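Just so we're aligned: 1878 in the working numbering is position 606 of the sequence shown, and the numbers increase by one with no gaps anywhere.
Even for Gly, the Cβ is constructed at its ideal location relative to N, Cα and C.
Computed from a predicted model, the values in this text were never measured in an experiment.
Note sheet for the following structure.
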Amino acid sequence: MSETGIGKRLPRMEDHRFITGKGRYTDDINLPRQTYAAFVRSPHAHAKINGIDTSQAEGAPGVVAVLTGEDVAADGIGGLICGWMIHSKDGSPMKAGPHPILAQGKVRYVGDHVAVVIAETKAEAQAAAELVEVDYDPLPAVAETAKASADGAPQIHDEAPDNTVFEWSLGDEAAATEAFDKASHVTTLELVNNRLIPNAMEPRAAIGDYDSGSDSFTLYTTSQNPHVARLVLSAFVGIAPEHKLRVIAPDVGGGFGSKIFIYAEETVCVWAAKRVGRPVKWTGDRSEAFLADAHGRDHVTHAELATDGDGRITGMRVKTIANMGAYLSTFASSVPTYLYATLLSGQYDIPAIYCEVDAVYTNTAPVDAYRGAGRPEATYVVERLVETAARELNLSPAEFRRRNFITEFPHQTPVIMAYDAGDYGASLDKALELIDYDGFEKRRQESERNGKLRGLGFSNYIEACGIAPSQAVGSLGAGVGLWESAEVRVNPTGNVEVLTGSHSHGQGHETTFAQLVSDRLGIPADQVSVVHGDTDKVQFGMGTYGSRSGAVGMSAIYKALDKVEAKARKVAAHVMEASESDIEFKDGQFSVKGTDKKMAFGEVALAAYVAHKFPTDEIEPGLKEGAFYDPKNFTFPAGCHICEVEIDADTGVTRIVNWVAVDDFGTIINPMIVEGQVHGGIAQGVGQALTEGCRYDAESGQLVTGSYMDYCMPRADDLPSFNLGFTETACPSNPLGMKGCGEAGAIAAPAAVINALTDALGVKDIPMPATSEVVWRVIQENKPRV
Ligand code: MCN
């Protein structure tokens, strides 16, 4: 067995370059004759543009060009589009307004792109951007999700009356109505899933370059999916054939979903590079990221759970208003629909579910996928309902959950998903043991003696990862299946290069992918290089999001390795003059059954290249194989997170004193990397629950939380040392039995925190983010026991 193979806590091989400052990010790249772009952004949430005077800016020092929406239109550049069509329940297609890369006639949110100034230096571009005179007629704005379609709300796009993009539904309404009619108890909650601003460490950046000699473009950009960026962006900018655009996503400092989309800025850089005949570089600053990176979540939900006299769940009804922002971002429409409502069954056997989702435009930044994308919102609805129902029925939350768990697999839910494998009782049992559930009451009493309120909150989440098997999404009418590609190139010295369509921007693929190769070929992981993020090197790929790189990306590598092994067996058999059926391969050695003949993997690799007079009709020289892998189903990671909080009753300050997470990720390749992923995810979920909340002023539509002064990210001292455990049910739909782990923590955590807070405070609900001020106010209003 390989010392660096599957299951080993191999330190991340990429970290040496990151922690020694040798990472190469987009902003580290500089091209000869490069210019710099600065965007003129709207100061208004909603306004008519009467005219733009660029003359002063054009005359400013160093300015190369000033471009506006008129130039975009003149060059026939179309707008950005949302790729996933949703139909309303009346069958009509979603109503999307145009999304020009530079505003045309109107701006629709603070930060909207109005013009771009291109200059010799960044400072000159920024200074000249201040000189662009825009004549605006401010219009009334609507920023609040719940009020977007209210009578008299300002109309944002002519194409979408009442600011309604779609009114969609999923499930059986009649069955749900019947379940509620017959219910012995109904639990109701009004929930707000707060809007979040993604905060990857590296802000977005792009360099567009045009080579007039070959009439081809290169885009360096902070992308999680460079091939998809090439496909979509080449169509937007009119570059044909598409391989005339090379997209390079070098080291990327985190994305969390926000770097999947096609944004105006990188599109402008590519288009403008040809117009000015020089490379155009843009590096966003943190303030621009707050304003114009696609935000996450932002749901307002009315949710109901029906139970019978035995404490069994019989039905669920959910009505959600989902804020899309001012424009539909690349995948926005899929998030509150197929990534959300399809997970509303949670881990429970619920016979009838009906969900309605109204997607609305508001004068705010576009909203799209953010770590978990739809699944944190679903888990929040399910786990808040379940916990509340248990309390209302005077059952322990653990017992109520256990009574309703799905126990037989495969399980077809009433909301499309067919869960393949899991053991939800096992993760609950293990979590109860790790948190010392039986000792909780004593700990609560001890806290009370010290003037503190203690609470325990569960979150038994499930998610659908490995996005997105074409068989499964085809049935959703998406028309796109998201497979992954891989190529394994074995060099004559036996070293291996793996070319993958996945993109690592913090997930440690250079290590885990190498571990897989090490395991299969019996060579050390440091003899494996992982190549990704360049459309000229890797033929095609779907990129990284939806915790898919393990289950889908690594499965493609696995398939390519099958082919490499099969070919190497042929070569070994030829060189050792044996029958192929007598060749055995173990621990990196090919041997001939029943003899002492053997060859190391490296020797076979060399033989494959240095011509052993192969019978070329049977064996071609070389050792290089590729594969595409399209899974049959999603993977369904699930687990039980329990959060224990202690609240200072005088100040409302909440301390998380213990966090237990027992997750089922199927086969684990690198436990250390997986634990890191879970830690990061929980931290993000705790941020949503306790500190992070994006706010727009309801009247003016100004972003009130536009910097870290007002938008509070969680810090290390807000978090306890996490207590992690694992259970394992292998995923049957991929060869490694893996399930995704990259989003689990962010999906589970918000419900666990709020369930713990409501337990401690003895209240039905508390809004997120439950800052100490919010908690203090609840304490003042409710005067709990202490
Ligand atoms: N892994 C494993 N065993 C498993 C599952 C995964 O060892 N059973 C390993 C994988 O090989 C990979 C890592 O864990 O090295 C994460 O794998 P996976 O769950 O497949 O997720 P992806 O690689 O597809 O990453 C996407 C996921 C998502 S959707 C978001 S959002 C997110 C996340 O990863 N964004 C991140 N984690 C992030 N971590 C960092 N540092 N930065 C981001 O932007």
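Residue i CB to nearest heavy atom of ligand 1 below 8 Å
i: Asn1722; result: no
i: Gln1960; result: no
i: Ile1839; result: One detail in the question is off: residue 1839 reads as Lys in this sequence, not Ile. No, ligand 1 has no heavy atom inside 8 Å of this Cβ.
i: Ser1774; result: yes
i: Thr1493; result: no
i: Ala1823; result: yes
i: Leu1783; result: The sequence shown places Thr at residue 1783, rather than the Leu named in the question. Yes, the Cβ of Thr1783 comes within 8 Å of a heavy atom of ligand 1.
i: Lys2011; result: yes
i: Pro1601; result: According to the sequence provided, residue 1601 is Ser. The question's Pro does not apply to it. Not under cutoff, so the answer is no.
i: Thr1651; result: no
i: Glu1234; result: Because residue 1234 is not part of the residues shown, which for the chain are 1273 to 2058, the question remains open.
i: Tyr1408; result: no
i: Ile1945; result: yes
i: Cys1737; result: yes
i: Ile2019; result: no
i: Asn1942; result: yes
i: Gly1997; result: no
i: Met1826; result: yes
i: Thr1449; result: no
i: Thr2060; result: Any property of residue 2060 remains undetermined from this structure, which presents the chain solely from 1273 to 2058.
Close-in-space but distant-in-sequence residues of the same chain around residue i (CB under 7 Å, 5 per side omitted)
i: Tyr1968; result: Ala1415, Thr1636, Gln1974, Leu1975, Val1976
i: Val2050; result: Leu2033, Val2035, Ile2038
i: Arg1502; result: Glu1514, Leu1517, Val1519, Thr1807
i: Gln1376; result: Gly1341, Ala1345
Short Cβ contact (9 Å threshold) for residue i with residue j
i: Asp1483; j: Leu1491; result: no
i: Ala1395; j: Val1335; result: no
i: Ser1776; j: Ala1828; result: no
i: Lys1243; j: Phe1438; result: Missing from the structure shown is residue 1243; the chain here goes from 1273 to 2058 and no further.
i: Pro1943; j: Gly1279; result: yes
i: Met1473; j: Gly1556; result: no
i: Asp1570; j: Thr1417; result: yes
i: Ala1844; j: Val1803; result: no
i: Leu1352; j: Tyr1691; result: no
i: Tyr1297; j: Val1509; result: no
i: Gly1697; j: Phe1677; result: yes
i: Ala2024; j: Gly1959; result: no
i: Ile1358; j: Thr1634; result: no
Close Cβ partners of residue i (< 6 Å) along its chain, the five nearest in sequence each way excluded
i: Asn1732; result: Gln1619, Arg1673, Cys1912
i: Trp1554; result: Ala1309, Ala1478, Glu1537, Cys1541
i: Lys1831; result: Ala1899, Tyr1901
i: Glu1628; result: Ser1441, Lys1591
i: Phe1311; result: His1385, Val1388
i: Arg1476; result: Thr1494, Gly1556
i: Ile1941; result: Ile1278, Thr1784, Gln1787
i: Leu1403; result: Gln1328, Ala1329, Ala1332
C-alpha gap between residue i and residue j, whole angstroms
i: Thr1602; j: Val1504; result: 10 Å
i: Ala1455; j: Asp1701; result: 29 Å
i: Val1770; j: Val1824; result: 15 Å
i: Thr1498; j: Asp1453; result: It is worth fixing the name first, because residue 1498 is Pro in this sequence and not Thr. Those two C-alpha atoms are separated by around 51 Å.
i: Pro2041; j: Gly1965; result: 6 Å
i: Ala1650; j: Ala1879; result: 55 Å
i: Leu1463; j: Gly1485; result: 57 Å
i: Glu1971; j: Gly1978; result: 16 Å
i: Asn1905; j: Ile1321; result: 48 Å
i: Ala1521; j: Ser1364; result: 38 Å
i: Leu1374; j: Phe1812; result: 29 Å
i: Leu1616; j: Ile1625; result: 8 Å
i: Asp1922; j: Trp2048; result: 7 Å
i: Phe1562; j: Gly1529; result: 15 Å
i: Met2010; j: Ala1425; result: 48 Å
i: Thr1907; j: Thr1459; result: 30 Å
i: Gly1952; j: Ala1740; result: 23 Å
i: Pro1887; j: Ser1506; result: 44 Å
i: Lys1835; j: Met1826; result: 14 Å
Same chain, Cβ closer than 8 Å to residue i, neighbours up to 5 away in sequence not counted
i: Val1768; result: Val1760, Arg1761, Val1762, Val1789, Leu1793, Ile1795, Gln1799, Val1800, Ser1801
i: Ala1319; result: Lys1378, Val1379, Tyr1408, Asp1409, Pro1410, Leu1411
i: Asn1607; result: It is worth fixing the name first, because residue 1607 is Val in this sequence and not Asn. Hits under 8 Å: Ala1594, Val1639, Asp1640, Ala1641, Ala1645, Gly1646.
i: Val1687; result: Leu1442, Gly1443, Ala1613, Thr1614, Leu1615, Leu1616, Ser1617, Ile1625, Cys1627
Residue i CB to nearest heavy atom of ligand 3 below 8 Å
i: His1951; result: By its list of ligands, the structure shown excludes ligand 3, since it contains just ligand 1.
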